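Novice: Mapped onto my numbering, the consecutive letters of the sequence shown carry residue numbers 173 to 396. Here a beta-carbon is modelled for each residue, glycine too, at the ideal position from N, C-alpha and C. These figures come from a predicted structure and were not determined experimentally.
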Amino acid sequence: MTVDPIWTAVDTPEGEARVGVHLPDSPPRGTLILGHGAGGGLGSWPRDLQSARTATDHGWAVVLVEQPWRVAGRKVATRPPTLDTAWRAVVPAVFRDPLPRPLVVGGRSAGARVACRTSPGDPEGRMPRADAVLCLAFPLHPPGRPDRSRVAELTVPVALGIPTLVVQGSADPFGSPTELREAVAAEFPGGASPEVVEVPGSHSPSRDQPLVTRTILGWLDRLG
């Protein structure tokens with residue numbers, strides 16, 4: 173059983189964001205903050221993000237973040253720096269008592285990129301450092317353009333020793349699980365790496381959502 177979500181607006185330098193806080197019916201054991209991808213309308217949450225939201229049934233507080241561009245009714249995401257700016261305003265605004273650590277940040281596709289880039293927090297301490305990062309369908313590169321790799325974003329938390337889980341479709345045109353592992357290994361030969369779990373499907377949410385759910389919940393259990 174979970175408590176009905178509380179949806180509120182959060183002011184950011186990029187405009188108004190919207191957050192939905194889903195609380196368990198007992199004191200939470202940790203906090204999971206998730207962002208969406210680069211498409212979809214207001215209130216549209218893909219199946220894999222809905223699977224992650226079931227963490228509430230296992231004692232986690234789950235916060236869904238809608239970026240200002242979606243709240244404003246746009247159809248396409250704004251540039252990455254604007255997404256990061258809004259995220260850096262939202263996370264400290266919602267991550268406060270009674271929401272506890274461990275703090276897990278994450279998202280799907282573009283939202284996963286934002287979570288990785290901002291996972292270190294900031295020197296002034298306004299943006300808290302993440303304890304772990306959850307990436308659903310990390311877009312390693314544009315389809316057909318492996319030369320435009322975004323592995324440097326994925327390795328931001330990895331380089332800091334922040335546990336990172338990537339749930340990736342076996343035939344994702346934005347980067348297969350094998351491509352992800354090889355790209356990270358090239359950055360850290362014999363060193364740290366994210367946990368990459370392959371699920372059936374492409375870049376769209378996997379048809380095997382029970383596997384996605386088990387993967388996420390098992391990983392969260394190991395964190396806290």
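1) Taking the alpha-carbon positions, what's the Pro311 to Ala265 distance?
2) Going by beta-carbon coordinates alone, are Val248 and Gly211 separated by less than 8 Å?
3) For Gln340, which three-state DSSP category applies?
4) Quick check: is any heavy atom of the ligand SAM less than 7 Å from the C-beta of Arg386?
5) Go to Pro196, then tell me how far its beta strand (DSSP E) extends in each direction, as first and last residue.
6) Look up Ala355 in the DSSP assignment and say whether it is helix, strand or coil.
7) Please report the distance separating the alpha-carbon of Val339 from that of Glu186.
8) So Trp217 is in the beta strand (DSSP E); what residue range does that whole segment cover?
9) Under 8 Å, with one C-beta from each stretch per pair, do the segment 220-229 and the segment 308-328 reach the 3-pair mark?
10) Helix, strand or coil: how does DSSP classify Arg386 here?
Specialist: In terms of the structure at hand:
1) As a working note, residue 311 is residue 139 in the sequence shown. As a working note, residue 265 is residue 93 in the sequence shown. Looking at the two C-alpha atoms, the distance is approximately 27 Å.
2) Here residue 248 is taken as the residue at index 76 of the sequence shown, counted from 1. Here residue 211 is taken as the residue at index 39 of the sequence shown, counted from 1. Yes, Cβ-Cβ distance for Val248 and Gly211 is below 8 Å.
3) Taking the sequence shown and counting its residues from 1, the one referred to as residue 340 is at position 168. Three-state result, Gln340: strand.
4) Because no ligand of any kind appears in the structure shown, any question about the ligand SAM cannot be addressed here.
5) Translated into positions along the sequence shown, residue 196 becomes position 24. From DSSP, the beta strand (DSSP E) with Pro196 extends over 187-196.
6) Your numbering for residue 355 matches position 183 in the sequence shown. In the structure shown, Ala355 sits in a helix (DSSP, three-state: H, G or I).
7) The residue given as residue 339 occupies position 167 in the sequence shown. The residue given as residue 186 occupies position 14 in the sequence shown. Roughly 29 Å between the two C-alpha positions.
8) As a first step, residue 217 is located in the sequence shown; it is residue number 45 there, counting from the start. Run containing Trp217: none; DSSP gives neither H nor E here.
9) yes
10) What you label residue 386 is simply residue 214 of the sequence shown in a count that begins at 1. Three-state DSSP puts Arg386 in a helix.
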